[in-house]
Amino acid sequence: MHTGYRHIGLMELRDQLTRFAPRAKKIEQGELAEKLLGEIVDGRDYVLDYVCFRITNYRPDSKLRQTIAAADLRHDLRLLIEDLSDAADVDSQTVGERVLTVNELARQFRVSTKTISRWRDSGLVSRKFLFGKRKRVGFLQSSVDHFLASNRDKVRRGERFSQLTDDEKTEMIERARQLVEGGASLSEVTQQLSKQMNRSPETIRYTLKNFDAQNQKVAIFPHHREALTEEDKRVVAQLHAHGATIPQLCKRFKRTRSTIRRILDDVRLAQLAELPLDHIYNEDFEDVSREKEFLAEMPENESARKVRPPADLPSYLAALYDVGLLNREQEGHLFRKMNYLKHRAGVLRDELLASGQANKQTMDRIASLYEDAVRVKNKIVQANLRLVVSIAKRHVASTEDFFALISDGNMSLIRAVEKFDYSRGNKFSTYATWAIMKNFARTIPKEFKHRDRFRTSGEEMFVAHQDERLDPYTEETVQLQRQRELARILDRLDEREQKIISARFGLQRGAEPLTLKEVGVEMGVTKERVRQLEARALSKLREAARDAKIDIELGAS
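If you're matching positions, the sequence shown starts at 1 in the UniProt record's numbering and goes up one per residue.
Right, here's the structure in full:
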């Protein structure tokens with residue numbers, strides 16, 4: 001298996017597919033990866049979740065928007081295709097089309113195997129096949145044809161030059177040495193020999209470099225090092241981010257410590273230039289003497305009290321109660337602090353980019369300010385997540401829809417935090433409610449606007465008729481009261497009836513509702529018997545609800 005992946009996400013995907021995917025699936029996924037490889041557009045960034053979907057036809061649950069550059073994706077997809085075929089143990093005789101080895105392909109186009117390696121780096125897809133009992137690199141005829149169609153000029157240049165003989169290599173080396181003694185550089189030697197010997201510049205350069213590597217004591221260019229490309233620099237930064245030390249990078253890329261550090265600084269500067277530092281500007285930010293006030297810790301809320309979550313809430317919703325709500329003073333302070341941190345980071349970044357020098361101290365300060373701004377934003381978002389849940393409850397049609405709405409609402413909340421102007425004196429919850437409702441109005445199908453009479457989870461079952469007031473905090477108080485009433489009326493049921501209702505409606509924290517058949521299997525009775533017991537228990541619950549004057553609706557699925 002290859003270890004030279006440039007993005008850790010593609011390597012993790014490789015590990016998962018090679019370990020768990022069936023053999024036929026690995027072959028199919030290799031074909032899908034090759035199809036995606038042919039569609040990559042230079043200069044674009046690709047979302048990792050999209051890449052995973054194109055290869056596996058499975059869309060990950062993760063909401064992380066990791067991206068991978070086109071050049072890195074092209075490189076890693078080629079490795080992934082080869083690793084998948086390696087893990088699938090494909091016999092070259094059973095593929096259904098012609099399979100060529102490296103040597104066969106080199107002979108067909110009258111080029112060296114090194115040229116074939118360069119073609120692979122340029123997009124020629126290779127796979128691992130079993131040739132008899134030995135596994136070797138091979139090329140599907142369809143992959144070769146696709147490469148030829150996209151790289152006709154490259155192939156024609158290679159076809160014009162047959163493999164060098166030993167006499168030709170000796171002559172080339174001697175001519176190169178004479179030119180170097182006359183003061184010619186590598187590029188000048190390459191150009192002149194290419195014309196004199198009717199060979200491609202790539203062939204000249206490769207032959208001379210190969211000679212120098214094997215004969216260092218009599219090397220033609222003993223001190224020559226080719227300049228690193230932008231792609232090389234990006235790889236240096238990625239390897240360093242994944243734990244490679246500077247001495248290791250110096251050895252791998254044959255560069256000094258100062259050169260590697262300069263590359264890392266340049267890449268970091270480019271990354272800082274892309275930071276999202278848009279913010280709501282305020283004239284107060286120009287008063288530097290108030291910086292200590294702007295960056296102070298959030299004021300304490302002396303009147304705040306911890307709200308205990310209902311016992312039967314799903315774990316995700318229950319965790320929201322661990323974060324206290326913000327009062328107006330805290331809210332204003334956090335919004336001002338977040339925007340000021342972005343403002344200061346933006347000012348420093350503009351000065352840094354204008355100077356054109358990657359000052360490490362300034363870059364550290366910009367990164368620190370941005371990270372602090374993100375932490376403050378997250379604190380605001382976390383304090384308002386209950387607002388999203390409260391609004392989503394009024395629009396939900398089923399449990400599945402409910403959590404989809406929560407996800408959409410959270411994204412609207414995050415955008416609202418970034419766009420809210422605290423200086424106008426409005427309450428953020430009002431602005432955020434408008435933003436979330438506006439998003440729901442665009443995304444919720446019309447049928448979701450009409451509530452079902454029956455819900456499949458305990459949380460929705462007892463909130464079918466909610467208080468329609470717009471204050472989300474009042475709604476939470478009402479909801480707590482309803483949960484207490486639920487606990488009381490459940491005591492009217494015997495142990496078996498409570499078990500059935502809890503299982504059918506998913507009333508235990510983190511539990512999913514079960515079907516009649518699943519409950520029957522757990523209790524050792526038939527599906528029909530569970531239905532009868534459930535009907536009796538629901539009848540008791542309705543009677544208890546009427547006695548307690550609780551306005552709920554119950555049904556059976």
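We treat Cβ as the ideally placed atom computed from N, Cα and C, and that holds for glycine.
For asparagine 301 and leucine 264, the gap between their C-alpha atoms comes out near 44 Å.
Exclusion of the five residues before and after leucine 334 leaves Met298, Leu326, Val376, Lys379 and Ile380 as the residues of its chain whose Cβ lies within less than 8 Å of its Cβ.
Under the DSSP assignment, glycine 182 falls outside any beta strand (DSSP E); it carries neither an H nor an E label. Pairing tyrosine 206 with lysine 128 gives a Cβ-Cβ distance that is not under 9 Å. Counting along the chain, alanine 296 sits inside no beta strand (DSSP E), nor does DSSP assign it H or E at all. Look at the region 401-449 and you find no whole run of beta strand (DSSP E) that is 3 residues long or longer. For alanine 21, the secondary structure class from DSSP, reduced to helix, strand or coil, is coil.
Taken through DSSP and simplified to helix, strand or coil, glycine 138 comes out as strand. Leucine 385 is positioned such that its CB atom lies no closer than 9 Å to that of serine 429. Assignment of isoleucine 68 by DSSP, reduced to helix, strand and coil, places it in the strand class. Two segments are said to touch when three or more pairs of C-beta atoms, one from each, lie closer than 8 Å; by this definition the region 35-43 does not touch the region 103-122. Taking 8 Å as the upper bound for CB-CB distance, leucine 10 and leucine 84 are not in contact here, some 12 Å apart.
Checking the DSSP bridge columns, you'll see tyrosine 46 partnered with Ile68.
Each of Phe403, Val111 and Phe253 was checked against the Cα of serine 315, and the nearest Cα belongs to Phe403.
With fewer than 16 neighbouring CB atoms inside 10 Å of its own CB, asparagine 426 falls in the exposed class.
Burial state of tryptophan 119 is buried, judged by a 10 Å Cβ sphere holding 16 or more other Cβ atoms. Contact between phenylalanine 139 and leucine 179 does not hold, since their C-beta atoms are separated by about 37 Å, which reaches or exceeds 8 Å. Under the three-state reduction of DSSP output, leucine 130 falls in the strand class.
In terms of Cα proximity to proline 276, the closest of Ser355, Arg290, Thr229 and Val374 is Val374. Lysine 233 and valine 267 have their alpha carbons spaced roughly 7 Å apart.
In the DSSP assignment, valine 267 forms no beta bridge with any residue. With the rule of 3 Cβ pairs closer than 8 Å, the region 148-155 does not count as touching the region 165-175. In this structure alanine 69 is in contact with aspartate 45, their Cβ atoms being roughly 6 Å apart against a cut-off of 8 Å. Judged by beta-carbon spacing, arginine 74 lies within the 9 Å limit of glycine 123, meaning their Cβ atoms are closer than that value. With the rule of 3 Cβ pairs closer than 8 Å, the region 281-292 counts as touching the region 335-351. Residue environment for histidine 395: buried (at least 16 other C-beta atoms within 10 angstroms of its C-beta). When secondary structure is reduced to three states using DSSP, threonine 101 falls in the strand class. Among the bridge pairs identified by DSSP, aspartate 91 is matched with Leu130. Taking C-beta atoms under 8 Å as the contact rule, valine 95 and leucine 130 fail to qualify, at a distance of about 10 Å. Nearest Cα to glycine 409 within the set Asp421, Val389, Ser423 and Val417: Val389.
Scanning the region 191-279 for uninterrupted beta strand (DSSP E) segments of 3 residues or longer gives nothing; none is fully contained. Contact between alanine 33 and isoleucine 8 is absent: CB atoms are separated by about 17 Å, not below the 8 Å threshold. Per DSSP, arginine 394 is not a residue of any alpha helix (DSSP H), being assigned neither H nor E. Judged by DSSP secondary structure, glutamine 498 falls within the alpha helix (DSSP H) whose first and last residues are 495-505.
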